[in-house]
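Residue numbers (my numbering): 2 to 566. Note that CB positions come from ideal geometry on N, CA and C, so glycine has one too. Bear in mind the structure is a predicted one, so any value in this text is a computation, not a measurement.
Written out as C-alpha cells, the structure reads:
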C-alpha cells in the first residue's frame, strides 16, 4: 500500500471499475471481495482506516442474543455463523469469551416480544430466567451443526455467589454461554487491506482521501496535500456507515434519508479488584433502565459499556461526562461493592452504530440487520450502491453481499469466496501456540515472553516484526521495540501519531501512553516523513489535543502527577 504509487496511478489512469468510499470494516470487506475477483477497485477513506465506528465497537464478536427479542432470527443465525468463521480465520485476534448473564427475575420480559410485534412503545422490561433460557437454547440450536464452544449452563444463587462473590446479592440465577471477543479490530481490518492489495495489482487503497462531486464527475482529494484527482468509476459503493447520507450528498447521489445511527460510548478501566471479580468472564447485564451493558477483561484492563443515544453529527461523537456517569452507575448495579475512581479510567471512546433510519422511540429496537440499495445515477455520475446497517461481526457476509450485487451490475462473475479464507497472521496459526512460541523464540534468539507478545499482536506474521536481539532496543516505558514500530511506520501507510497509537497498536486503549513514548515515536515518524521541527511540534500538539478531547487522556496532567509523586 504505497501512497505515492497509488496517487501516481490515478493521475495516469483515472478510469476505474469500482470506487469504494469508506475504509471502515465494511468498506474494507467489500474492497477485499472485489479485489479477489480481479476487479479494478479503489478504496478511499477520508480519515484513517477503521478510525470511525470500526474503532469504537464493544470488542465483541457475537450473535446478538438480545436481537432475538426483536425477531431478528436470520441476523442472529448469520452472526453466529460469521463469528465461528472468524474464530477459524482470525484466531490471532478473535477468541472465545465465556459470557455470564446475571438474572434477577423469573418471568420478567415475557411480554417484550409481544409488545414489539404489536408496535407498542412501552419500554422493554428486564429479561427474566425464562426469556434468557429460551434465547440461549436458540443460540445452542443455531450452532449445533458446528459446535466450537460449550453449550450454555444455568447456576443457582448460591453457586453464582460462590463463583462471583462481589456480584449483586439480589441475584437469583446466572447463565453462562460462549461468544467471542476481538483484541485488535483495527489491525484485523488493516490485514484484510494488506491481503487484498498484495493479491491484486489493480486493488488500491488510500486513507486521508475525500471523495466529492465536481458537477458531472467525481474527484478524490488528498487531504494531506490538497491535490485533487478526477476519477471515472463505473460504480460507486458507499460504505461510510453513519456518514452514508452525508456522503451521498457530497457525491451528488440523490437519495432519501437512509441512516439513523446511535452513539455507543465505552470506558477502559484499570481496577484490579474489578478485573479479578470477573474471573475471566464477560458479564452481560441489564441496567436498572433495561438497557444492555457489558464488562469484560480487555488487554489487562476492563472494558465497560455502552450507551445507545441518537446522534445527528457522526463527526463529533465522544464519550460525554453524563455517559461516563451512566456507565459507572450501571457497574454499581451489578458489582455494588466495587468503586472505580476517575483516575482509573485510562481511556474512553465512542462511535456511531450504522443503523437504518427508524422512528422507533427505543433505540434498542432499531434493527441491526444489513442490506444494500442502489441509488441510480443522475447526469454523468455513476450509480451508487449503499451499504446500510450492519454490525462488526457480519462484515464478511455483508461485504460479500455488496460485492455480488456490484459484480452482477458490472456483468462479472465471482471466482472465489472468502468463507474459509484466513486473514493476515491467522494463516497457518498453530494449534499449540505455546510450542510455536518456544520454537520461534529459539529460532530468533528471543525470550519466550517476547515471542508470545509478537504472536498475540501479529499472529504468524510475527516473523516480519523480528529484529536481532542485540538490536532489540525497546521504546521508553513500552513493550514495543524501535524496530517493530519502525516497520509499522514504513509499511502500513501511517500518516500521523493517532494512526500509530490508536489503531496500528493498542498502546493508547490499554493505557500505555507517556510523554517519553510519544516523543520517541514522533522522532521516528518525523524522520520518516521528513518533517521540520515546527511540523513535528504541530503534530504533537494536534495528537495531545485529540487525546484530551476524544479519549479523556490528559498527558500533561498525568506527567505533573508523576513528577509530584
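Per DSSP, the continuous beta strand (DSSP E) segment holding residue 348 begins and ends at 346 to 354. Secondary structure at residue 286: strand, using DSSP grouped into helix, strand and coil. When the alpha-carbon of residue 137 is set against those of 77, 429, 303, the nearest one is in 77.
By a beta-carbon distance limit of 8 Å, residue 315 contacts residue 243. Their separation comes to about 4 Å. For residue 19, the secondary structure class from DSSP, reduced to helix, strand or coil, is strand. Contact check for residue 103 against residue 17 fails: the beta carbons are separated by 8 Å or more.
Beta-bridge partners assigned by DSSP to residue 101: 177, 284. Within a 10 Å sphere around the beta-carbon of residue 142 sit fewer than 16 other beta-carbons, which makes this residue exposed.
When C-alpha distances from residue 36 are compared across 494, 139, 403, 434, the shortest belongs to 403. Counted as a single uninterrupted DSSP element, the beta strand (DSSP E) harbouring residue 154 occupies residues 154 to 157. Of the residues assessed, residue 187 falls on the buried side of the cut-off, its CB having 16 or more other CB atoms within 10 angstroms. Checking the DSSP bridge columns, you'll see residue 299 partnered with 302.
If only uninterrupted alpha helix (DSSP H) runs of at least 4 residues are considered, those enclosed by the region 432 to 481 are 434 to 445, 449 to 459.
Taking C-beta atoms as the reference points, residue 270 and residue 345 count as a pair closer than 8 Å. A Cβ-Cβ contact shorter than 8 Å links residue 388 with residue 238. Membership of residue 264 in the beta strand (DSSP E) is indicated by the continuous run 263 to 270. Nearest C-alpha to residue 503 among 533, 545, 478: 545. A distance below 7 Å between beta-carbons, with the five flanking residues on each side excluded, links residue 429 to the following residues of its chain, in chain order: 461. Residue 64 places its beta carbon less than 8 Å from that of residue 80. With a cutoff of 8 Å on beta-carbon distance, residue 207 and residue 45 are scored as near each other. Going by beta carbons, residue 19 and residue 236 fall inside the 8 Å limit.
Between the region 252 to 261 and the region 147 to 159 there are fewer than three C-beta pairs closer than 8 Å, too few to call the two in contact.
Here residue 92 is buried. Its C-beta has 16 or more other C-beta atoms within 10 Å.
DSSP lists 357 as the bridge partner or partners of residue 260.
The C-beta distance from residue 219 to residue 8 rounds to 16 Å, too long to meet the 8 Å contact threshold. Taking the CA atoms as reference points, residue 411 sits about 27 Å from residue 223. For residue 390, the pairing in a beta bridge is given by DSSP as 371.
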